[in-house]
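Visitor: Here you go, one structure.
2 protein chains.
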Amino acid sequence: MVDEVILLDYWPSMFGVRTRIALEEKNIKFDYIEQDLCNKSALLLEMNPVHKKIPVLIHNGKPVCESLIQVEYIDETWPRENPILPSDPYQRAQARFWGNFIDKMLPGLGKLMWGVKGEEQEAGKEFVEMLKMLESELGDRTYFGGETFGYVDIALIGFYGWFDAFEKYGNFSIEAECPKIIAWAKRCVKRDSVAKSLPDSEKVTELVPELKKKKRVG
Amino acid sequence: MVDEVILLDYWPSMFGVRTRIALEEKNIKFDYIEQDLCNKSALLLEMNPVHKKIPVLIHNGKPVCESLIQVEYIDETWPRENPILPSDPYQRAQARFWGNFIDKMLPGLGKLMWGVKGEEQEAGKEFVEMLKMLESELGDRTYFGGETFGYVDIALIGFYGWFDAFEKYGNFSIEAECPKIIAWAKRCVKRDSVAKSLPDSEKVTELVPELKKKKRVG
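Top to bottom, those sequences are chains A and B.
Per UniProt numbering: the first sequence = residues 1 to 218.
Per UniProt numbering: the second sequence = residues 1 to 218.
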């Protein structure tokens with residue numbers, strides 16, 4: 001049977017990027033269906049009735065929701081090419097720990113980007129602190145898992161397309177604070193899977209005022 | 001080599017319970033070390049320097065943090081006895097989805113229990129809505145995974161010791177709103193692993209005023 005793989009996504013999504021990269025790493029052909037988040041499609045509501053959010057991966061008609069769960073699903077379903085999670089259970093637990101840590105940056109990033117006036121500075125500081133912890137975890141390795149691009153890299157690189165926007169609104173320089181993270185991101189972008197999947201930073205930054213307006217109205 | 005397994009935990013923790021149950025399901029002997037969260041031990045700070053939180057599972061000297069990650073680690077490390085996650089990748093992704101969903105109930109439960117006056121009612125309503133979604137997912141099955149007690153059961157049953165406290169402070173009846181969830185919880189409690197691990201509801205409810213005071217001071 002030929003696999004039918006569909007991704008319901010929204011181009012600037014830092015979560016959708018993860019799933020796109022994982023699919024590219026596995027050389028899986030997929031139909032990308034862009035979603036209008038202000039006017040959610042019947043397919044999105046049907047496939048993710050609980051959270052009604054993108055990305056949704058639909059594999060042979062069956063939905064998988066939540067980007068990091070999709071990445072694990074993709075790795076388990078197509079295990080041969082470019083393993084994403086380490087095979088050792090302890091290393092796998094560590095990778096999941098850092099994936100979970102990266103997702104914990106979100107409430108703070110929400111405040112930084114869409115919060116009330118005055119919250120940005122505190123949120124920006126917190127984001128930089130968390131990024132520094134990630135930098136310390138990365139150390140001098142090529143990727144988070146060592147020599148192989150994998151799960152934690154995929155979890156974090158999704159944010160890279162937003163770094164310029166974070167810097168602009170948070171008034172800090174990620175490169176000054178976390179030079180190794182920027183060097184790591186530049187290495188990641190050299191991979192086809194990442195280059196193909198990441199949204200353009202400039203376009204993301206241009207979009208932000210529009211999103212801010214919508215969030216204020218919504 | 002005999003495995004050395006240590007659990008740093010705090011008895012009423014709804015997260016620690018998950019890890020305790022998973023270890024019991026696998027018949028793994030472990031040293032339980034109760035933690036004073038107002039005066040964190042050097043061992044806790046060393047083993048979970050990032051979040052400084054319980055539970056921490058220490059296996060042969062190496063820490064694993066975050067309860068659901070611990071449950072997966074335990075299942076992967078001791079796979080033979082009582083499998084916790086389903087073997088099929090799609091079913092596994094679904095189990096992870098609901099585990100993640102259950103963890104998303106936390107910010108609301110925080111407001112319900114420790115939030116500012118007036119927030120409780122809204123938070124209580126939200127909790128009941130989420131519990132209803134879980135009830136609908138459970139349907140008429142014995143456990144969330146079907147006939148076998150597993151990952152989602154472990155993720156949710158940790159909250160059961162707190163149900164009385166939630167009801168008292170949220171002013172609702174879980175049994176009236178979600179009778180199938182209560183029937184499911186009663187089935188779970190018949191398992192040795194759960195009966196041994198769950199904190200006593202009355203003791204949890206008695207503890208709450210003390211915790212509220214500490215949270216107000218802290």
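Glycine included, each C-beta is placed from N, C-alpha and C at the ideal position.
Bear in mind that the values here come from a model prediction, so they are computed numbers and not experimental data.
Can you give me the Cβ contacts of F15/A inside the same chain, cut-off strictly under 7 Å, excluding the 5 residues immediately before and after it?
Guide: For this step, residue 15/A is matched to residue 15 along the first sequence. Once the five neighbours on either side are set aside, the close Cβ partners of F15/A are P55, S67, G158.
Visitor: Report the three-state DSSP secondary structure of E147/A (helix, strand or coil).
Guide: Stepping through the first sequence from its first residue, residue 147/A is reached at position 147. Here E147/A sits in coil by DSSP.
Visitor: Taking I28/A as the reference, give the member of K40/A, I74/A, R18/A with the closest Cα.
Guide: Working through the first sequence from its first residue, we reach residue 28/A at position 28. Comparing Cα positions, the closest option is I74/A.
Visitor: From what residue to what residue does the alpha helix (DSSP H) around P55/B run?
Guide: Your numbering for residue 55/B matches position 55 in the second sequence. Per DSSP, P55/B belongs to no alpha helix (DSSP H) and is neither H nor E.
Visitor: Could you work out which residues of chain A lie near I69/B, taking near to mean beta carbons separated by less than 8 Å?
Guide: As a position in the second sequence, residue 69/B is number 69, starting the count at 1. Within chain A, the residues near I69/B are A93, R96, F97, N100.
Visitor: Measuring straight from C-alpha to C-alpha, what distance separates K214/A and L44/A?
Guide: By 1-based counting over the first sequence, the position of residue 214/A is 214. By 1-based counting over the first sequence, the position of residue 44/A is 44. Spanning the two alpha carbons is a distance of roughly 20 Å.
Visitor: Show which residues of chain A have a CB atom less than 7 Å away from the CB atom of M133/B.
Guide: One-based indexing of the second sequence puts residue 133/B at position 133. Ordered by position in chain A, the residues that pass the 7 Å Cβ test against M133/B are V50.
Visitor: Please confirm if Y151/A has its CB atom under 7 Å from at least one CB of chain B.
Guide: Stepping through the first sequence from its first residue, residue 151/A is reached at position 151. No - not a single Cβ of chain B is within 7 Å of the one on Y151/A.
Visitor: Could you list the residues in the region 56-82 of chain B with a C-beta less than 8 Å from some C-beta on chain A, going in chain order?
Guide: Against chain A - using a Cβ distance shorter than 8 Å - the residues of the region 56-82 of chain B are H59, K62, V64, C65, E66, I69, Q70, E72, Y73, E76, T77.
Visitor: From the DSSP output, which residues share a beta bridge with K62/B?
Guide: For this step, residue 62/B is matched to residue 62 along the second sequence. Bridge partners of K62/B: H59/B.
Visitor: Below 6 Å, is the gap between the Cβ of P55/A and the nearest heavy atom of the ligand GTP?
Guide: This structure lacks the ligand GTP, and indeed carries no ligand of any kind.
Visitor: If you check the beta carbons only, do S201/B and I21/B fall under 7 Å apart?
Guide: Working through the second sequence from its first residue, we reach residue 201/B at position 201. Working through the second sequence from its first residue, we reach residue 21/B at position 21. Cβ distance not < 7 Å, so S201/B and I21/B don't count as in contact.
Visitor: Is there a Cβ of chain B sitting closer than 7 Å to that of P12/A, yes or no?
Guide: Here residue 12/A refers to the residue found at position 12 of the first sequence. No, P12/A does not count as interfacial toward chain B.
Visitor: Let's test the definition: count the other Cβ atoms within 10 Å of the Cβ of C110/B and tell me whether it reaches 16, buried, or not, exposed.
Guide: Residue 110/B sits at position 110 when you count from the first residue of the second sequence. Here residue 110/B is Gly; the residue named in the question, Cys, does not match the sequence. The residue in question, G110/B, is exposed, as its Cβ has fewer than 16 Cβ neighbours within 10 Å.
Visitor: Chain B beta carbons: is any one of them nearer than 7 Å to that of P89/A?
Guide: Here residue 89/A corresponds to residue number 89 of the first sequence, with the count starting at 1. For P89/A, the answer is yes, since a Cβ of chain B falls inside 7 Å of its Cβ.
Visitor: If you run the structure through DSSP and keep just helix, strand and coil, what is Y32/A?
Guide: To locate residue 32/A, count along the first sequence from 1; it is residue 32. Strand, per DSSP.
Visitor: At the level of alpha carbons, what is the spacing between K117/B and Q35/B?
Guide: Indexing the second sequence from 1 puts residue 117/B at position 117. Indexing the second sequence from 1 puts residue 35/B at position 35. Approximately 30 Å between the Cα atoms of the pair.
Visitor: How would you write the range of the alpha helix (DSSP H) that D164/A sits in, first residue to last?
Guide: Numbered from 1 along the first sequence, position 164 holds the residue referred to as residue 164/A. Element bounds for D164/A: 163-170.
Visitor: Compute the distance between the beta-carbons of E24/A and S173/A, then report whether it is under 7 Å.
Guide: Residue 24/A sits at position 24 when you count from the first residue of the first sequence. Residue 173/A sits at position 173 when you count from the first residue of the first sequence. Contact: no.
Visitor: Thinking C-beta only, is C38/B closer than 7 Å to F97/A?
Guide: In the first sequence, residue 97/A corresponds to position 97, counting from 1. In the second sequence, residue 38/B corresponds to position 38, counting from 1. No, the pair does not count as a contact, with Cβ atoms beyond the cut-off.
Visitor: For the beta strand (DSSP E) holding I6/B, just list the boundary residues, first then last.
Guide: Taking the second sequence and counting its residues from 1, the one referred to as residue 6/B is at position 6. Looking at the DSSP string, the run of the beta strand (DSSP E) that includes I6/B is 5-9.
Visitor: Three or more C-beta pairs closer than 8 Å, one from the region 134-152 of chain B and one from the region 174-183 of chain B: is that the case here?
Guide: Taking 8 Å as the limit for Cβ pairs, the verdict is that the region 174-183 of chain B does touch the region 134-152 of chain B.
Visitor: Per DSSP, what kind of secondary structure is N82/B in: helix, strand or coil?
Guide: Reading the second sequence from its first residue, position 82 is the one you call residue 82/B. N82/B: coil per DSSP, three-state reduction.
Visitor: Roughly how many whole angstroms lie between the Cα atoms of G145/A and N48/B?
Guide: Walking along the first sequence from the start, residue 145/A turns up at place 145. Walking along the second sequence from the start, residue 48/B turns up at place 48. Going from the Cα of G145/A to the Cα of N48/B covers about 19 Å.
Visitor: What does the Cβ neighbour count give for E72/B, buried or exposed, with the cut at 16 atoms within 10 Å?
Guide: Here residue 72/B corresponds to residue number 72 of the second sequence, with the count starting at 1. Classification for E72/B: buried.
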